[in-house]
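**Student:** Residue numbers (my numbering), protein chains in the order written: chain A, 18 to 526; chain B, 18 to 526. Beta carbons: idealized from backbone N, C-alpha and C, even for Gly.
There are 2 protein chains.
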Amino acid sequence: MSQLKQAQTSPLKRFRELTGQIKQYEEILGVVYWDMRTGAPRKGIEMRSEAVGALSAETFKLSTSAEMGELLAQLSEPAQKEQLDDINRRLVEETAKEYERNRKIPPELYREYVVLTSQAESAWEEAKENNDFPGFVPYLEKIIAINRQFIELWGVKTTPYDTLLDMYEPGLTTVELDRLFGELRARLVPLAEQIANSKHRPDTTFLQGTFDKEAQKKFSKLILKDMGYDFEAGRLDESVHPFATGLSTGDVRITTRYLLHDVTSALFGTIHEGGHALYEQNITPELNGTPLSTGTSMGIHESQSRLWENMIGRSLGFWQRYLPDLQACFPGQLDEVSAEDFYRGINVVEPSLIRIEADELTYNLHIMIRYEIEKMLFNDNLSPRDLPAVWNRKYQEALGITPSNDAEGVLQDVHWSGGAFGYFPSYSLGNMYAAQMMVIARQKITTLDQQVASGMLLPLKEWLTEQVYQHGKLLQPGEIIERISGKSLESSHLCDYLENKYREIYHLE
Amino acid sequence: MSQLKQAQTSPLKRFRELTGQIKQYEEILGVVYWDMRTGAPRKGIEMRSEAVGALSAETFKLSTSAEMGELLAQLSEPAQKEQLDDINRRLVEETAKEYERNRKIPPELYREYVVLTSQAESAWEEAKENNDFPGFVPYLEKIIAINRQFIELWGVKTTPYDTLLDMYEPGLTTVELDRLFGELRARLVPLAEQIANSKHRPDTTFLQGTFDKEAQKKFSKLILKDMGYDFEAGRLDESVHPFATGLSTGDVRITTRYLLHDVTSALFGTIHEGGHALYEQNITPELNGTPLSTGTSMGIHESQSRLWENMIGRSLGFWQRYLPDLQACFPGQLDEVSAEDFYRGINVVEPSLIRIEADELTYNLHIMIRYEIEKMLFNDNLSPRDLPAVWNRKYQEALGITPSNDAEGVLQDVHWSGGAFGYFPSYSLGNMYAAQMMVIARQKITTLDQQVASGMLLPLKEWLTEQVYQHGKLLQPGEIIERISGKSLESSHLCDYLENKYREIYHLE
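1) Quick one: residues in its chain with C-beta nearer than 8 Å to the C-beta of K40 of chain B, no 5 flanking neighbours on either side, listed in chain order?
2) Can you tell me which of A:L208, A:I363, A:G263, A:E479 puts its alpha carbon nearest to the alpha carbon of L511 of chain A?
3) Applying the 10 Å Cβ sphere with the 16-neighbour rule, what's the burial state of A283 of chain A?
4) State the Cα-Cα distance for the pair G292 of chain B and P177 of chain A, rounded to the nearest angstrom.
5) Exposed or buried, D52 of chain A, counting other C-beta atoms within 10 Å across all chains shown (16 or more means buried)?
6) Kindly indicate which three-state DSSP category E287 of chain A falls into: helix, strand or coil?
7) Less than 7 Å between C-beta atoms, sequence neighbours within five positions excluded: which residues of the same chain meet that for Q344 of chain B?
8) Identify, in the order they occur along the chain, each residue of the same chain with its Cβ nearer than 6 Å to the Cβ of T482 of chain B, setting aside the five sequence neighbours on each side.
9) As a quick exercise: from A:F248, A:A261, A:Y360, A:D149, pick the residue whose alpha carbon is nearest that of H289 of chain A.
10) According to a CB-to-CB cut-off of less than 8 Å, which residues of the stretch 301–328 of chain A neighbour chain B?
11) Following the continuous beta strand (DSSP E) through A261 of chain B, name the residue where it begins and the one where it ends.
12) Any idea which residues DSSP pairs T176 of chain B with across the strands?
13) Three-state secondary structure (DSSP) at D149 of chain B?
14) Would you check if the stretch 423–431 of chain A and the stretch 132–148 of chain A touch, i.e. whether three or more CB-CB distances between them fall below 8 Å?
15) Closer than 7 Å by C-beta to K238 of chain B: which residues in its own chain qualify, once you throw out the five before and the five after it? Chain order, please.
16) Q136 of chain B versus chain A: which residues are under 9 Å apart at the beta carbon?
17) From A:Q467, A:E169, A:A451, A:G86, pick the residue whose C-alpha is nearest to that of L333 of chain A; which is it?
18) Go through the stretch 44–103 of chain A residue by residue and report every complete run of the alpha helix (DSSP H) that reaches 4 residues or more, in order.
19) DSSP three-state label for V485 of chain B, please.
20) Mark I418 of chain A as exposed unless 16 or more other C-beta atoms lie within 10 angstroms of its C-beta, in which case mark it buried.
21) To which residues of the same chain is T222 of chain B closer than 6 Å at the C-beta, ignoring the five residues directly before and after it?
22) L205 of chain A lies in the beta strand (DSSP E); which residues open and close that run?
23) Name the chain B residues that come within less than 9 Å of I45 of chain A, Cβ to Cβ?
24) Ends of the alpha helix (DSSP H) at I498 of chain B?
25) Leaving out five residues on either side along the sequence, give the residues of the same chain with a beta carbon under 8 Å from the beta carbon of T281 of chain A.
26) Please look up how many angstroms separate the CB atoms of F228 of chain A and L277 of chain A, rounded, as I've assumed it's under 8 Å.
27) Are the CB atoms of R361 of chain A and I522 of chain A nearer to each other than 7 Å?
28) Does the stretch 312–332 of chain B come within contact of the stretch 490–498 of chain B, defined as at least 3 CB pairs closer than 8 Å?
29) Is it a yes or a no for the stretch 320–334 of chain A touching the stretch 435–450 of chain A, going by three-plus beta-carbon pairs under 8 Å?
30) Along the alpha helix (DSSP H) that carries D513 of chain A, what are the first and last residues, could you check?
31) Can you give me the start and stop residues for the beta strand (DSSP E) that L253 of chain B sits inside?
32) Between the alpha carbons of D220 of chain B and S355 of chain B, how many angstroms are there, rounded?
33) Would the beta-carbon of P28 of chain A fall within 7 Å of that of Q91 of chain A?
34) Tell me the rounded alpha-carbon separation between L465 of chain A and V456 of chain A.
35) My parser needs the beta strand (DSSP E) runs of 3 or more residues fully inside the stretch 425–475 of chain A; what are they?
36) Please report the residue range of the beta strand (DSSP E) in which I271 of chain A lies.
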């Protein structure tokens, strides 16, 4: 009898198979999404969206199946759970959470949503290209309507929008976010005002010109290589909206976009996505093929992109080392610029319309605008049709400027076309996490700044791998920051960092 | 009661859903295969292969499920079948054939095979690059061993190799192929000898030089456009081994490879794959999302690639029209060449080592060598380890030359790494089909040659769409050629065509 039992597949083994299969389907879907964003032919999109819908629906079915429910129930029993190792325990917890969330959604509704968002991304691209917000409204309305249904099914936490926030940053609430953003605003708005009144605006004229695309690509690759991005486990392509996607630790892809008249766009975009990619490439192979082999939250993910983009990529030391390389890529175009001037030029603070091109300081204001609008959409029933008016008014209020068209206004970001409401705050959370991490990094790697100034970026990458990357989803975001700094997330480190940086650049008191 | 019955899904509806889902999964797998061949990162291949194996296994499971068996049984009943329209009837027949074939294979064996061939293609690429046949042998041995198992399971038809042939060209046998190839050999070998003895060898010196890759790409795109290839329903990329893949009629992709010192390789490679692509892009939308939305056999598929590549792309009229465009792409490199000289130069007949670069005449000898070797592998138990020796001996016998290494010998083709034993004959079948079709095309489009000479390629494309492309798998290969020419496939048209062409070029009696 006991022999017979042994011959049967153990619940753990079957559970691992099932979660492995789900992860495999997600990897395949990831390839198809990457393809759709990097040049899939227009006329194939409609059928491809249906195919993606079918496979997503199957994946969804597996993750909400009766079998999965039974396995989770068995493995969650105290006696069973006790016997699990750390990885399997986290795997059961994480899968159970997904299961609880997903099984509340009718499969047909889920499939409809996948097809919709898949088509909506192409519609958004077209709308942005043609500055046609009304053409995008029907998609947005449907996406929001289905998200409302999801929220109802999952259950409203304090406010409907709180339910969405929790998906990207487990445990995060509007109360907490209002507090953190309030603290940021209290210190950053006066800082921005001081800067606006400063007479020491950095010169940026040298950033004007036409910058050869191939040379931009070459420089981007050079920096990625020095950051430790593994090109044998990834590739760099182009897309309308830059992104990074971790298909497996052996295949983590980055895209960027090259602007002929703006050398900084692709440059910092690439470093940003490179930060995301370092995270995904360096998750421990022990987690391969499991749903834990990914970033632990969007906030922590963005902390890595923003850390590399800003705290490294926009630092003086970095340009002391890399400006000569950049100059060599564009002979005759940047020869007269010093590292100090370049550093000051790329750190000019200025109200601007495009989030991904904003300076480090006003960037957080872009995020707060989106956060407020998303709250209005879900908590105050703002109609999508009214988005451009609200968007433009908020930009005028917060930044003193108004988009001249929707392509550089409400249509600029891809997120909403994919239904990612609640994601935007991750960027500012990321800034805060990153600043808090960097305080400790400097204590642990005492010569960090000298290292960066000589192009030795790998020790920082190794430290971040040890502290953050390797753990994947084994640790919660709160555990990560707690283990690094001994404290939960605080806004003060970001404020300190920005104040110190800009006081020096703008000669403030 | 009858109302209740109506509320249930009808067998036909459910059958269409199920075959639709299988087609959708195949489309998604097609994207992943395309990706693996056009630049997927090396370190991700192993896990990707496993993921592909998982989804292929699921697809296989659907196609061999008990539900599928029941649906097919129901829909194949005379009373039911009578009520089906043409499309649904063919759909049932074709699916039943696949079902009968697939259900004989144990799912675990199938999955193992998919993972194996997926990994083998990368192994082949590496082996070819490093001229390392022994490194590829273990993969080849396993692939052949599993194919032997498949043959046993399916049942041996006359000889084991016949069972494989039937997969690519329904109904084709070694007896028939021995006859057709015998007829070809009887007329083409003497022709090749006459040519070898001719004193009128065309000048080819102008083909030497270095040809800018971007200019090659530009010219390839120009020709594809004129052929009627729809770039909004496809894209052109690079890969080690050129291929075309029809993911849906709205997404049919081509790859090519650009050789810096050979302007003809990418050129004719692109036209070849372009011919495949025209077929897949022009299947009637009525068949969208069904397994009938593809070419009817590999022989008919190759007839289209070979027709466009050779009978159009290597014709005098074509170069009367396009040589000036080619000259404009490579200023100063081809200025002195006349259309007549160019035509003769690209049609030089010469024993060569690489199949895909062979002239139209000796090309068929390359195919016969592969056909004989494949027969030896499956009917005479030739060991894969002995392949290089056999390959090299056969090249010496048939073409009087011996490869200097395996990369330009037995490792040159991708086919075996994917387990496509029995595919190669399709190319020569394609040549024969194409020649037979062109005889009729010239009767129906009386000014065809003048049209080609003025770059009007679309009328031919339209005629082929009407006769071949639109039907997808609705018609069998035999029906296609019968409807066009009133006869079954004959070798004489290809022989006539080649004799006429080369007699003129080589001034033969």
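**Tutor:** Let's see:
1) Excluding residues up to 5 positions away in sequence, G306, T307, P308, S310 lie with their Cβ nearer than 8 Å to the Cβ of K40 of chain B in the same chain.
2) When each option's Cα is compared against that of L511 of chain A, the closest is A:L208.
3) Buried is the call here.
4) Roughly 55 Å between the two C-alpha positions.
5) Buried, since its Cβ has 16 or more Cβ neighbours within 10 Å.
6) According to the sequence shown, residue 287 of chain A is Thr rather than Glu. Looking at T287 of chain A - three-state DSSP - the assignment turns out to be helix.
7) Only L351, D352 meet the Cβ criterion.
8) N299.
9) Closest option to H289 of chain A, judged by alpha-carbon separation, among A:F248, A:A261, A:Y360, A:D149: A:A261.
10) Result list: N305, G306.
11) Per DSSP, A261 of chain B belongs to the beta strand (DSSP E) from 261–265.
12) Paired residue(s): B:K174.
13) Three-state DSSP puts D149 of chain B in coil, outside helix and strand.
14) With the cut-off at 8 Å, the stretch 132–148 of chain A and the stretch 423–431 of chain A touch.
15) Excluding residues within five positions, the ones whose Cβ falls inside 7 Å are L253.
16) The premise fails here: Q136 of chain B is roughly 13 Å from chain A at the closest Cβ pair, so nothing lies under 9 Å.
17) Ranking A:Q467, A:E169, A:A451, A:G86 by Cα distance to L333 of chain A puts A:Q467 first.
18) Runs found: 62–80, 83–93, 95–100.
19) DSSP places V485 of chain B in coil when its eight states are reduced to three.
20) By the neighbour-count rule (16 or more Cβ atoms within 10 Å), I418 of chain A is not buried but exposed.
21) There are no such residues.
22) Judged by DSSP secondary structure, L205 of chain A falls outside any beta strand (DSSP E) and instead within the alpha helix (DSSP H) spanning 191–214.
23) Those are I45, L46, V48, V49, R65, A68, V69, A71, L72, listed as they occur along chain B.
24) Residues 494–502.
25) Answer for T281 of chain A: L224, I363, E374, listed in chain order.
26) Under the criterion of beta carbons closer than 8 Å, F228 of chain A and L277 of chain A qualify as touching, at roughly 6 Å.
27) Cβ atoms of R361 of chain A and I522 of chain A: closer than 7 Å.
28) Because the criterion of three Cβ pairs below 8 Å is met, the stretch 312–332 of chain B and the stretch 490–498 of chain B touch.
29) As far as the Cβ criterion goes, the stretch 320–334 of chain A touches the stretch 435–450 of chain A, which means the pair count is three or higher.
30) Start and end: 509–522.
31) Taken as a continuous stretch (DSSP letters only), the beta strand (DSSP E) holding L253 of chain B covers 253–255.
32) Answer to the nearest angstrom: the Cα atoms are 12 Å apart.
33) With contacts defined by Cβ atoms closer than 7 Å, P28 of chain A and Q91 of chain A form a contacting pair.
34) Whole-angstrom Cα-Cα distance: 11 Å.
35) Listed in chain order, nothing qualifies, since the stretch 425–475 of chain A has no complete beta strand (DSSP E) run of 3 or more residues.
36) Where I271 of chain A is concerned, the enclosing beta strand (DSSP E) stretches over 268–273.
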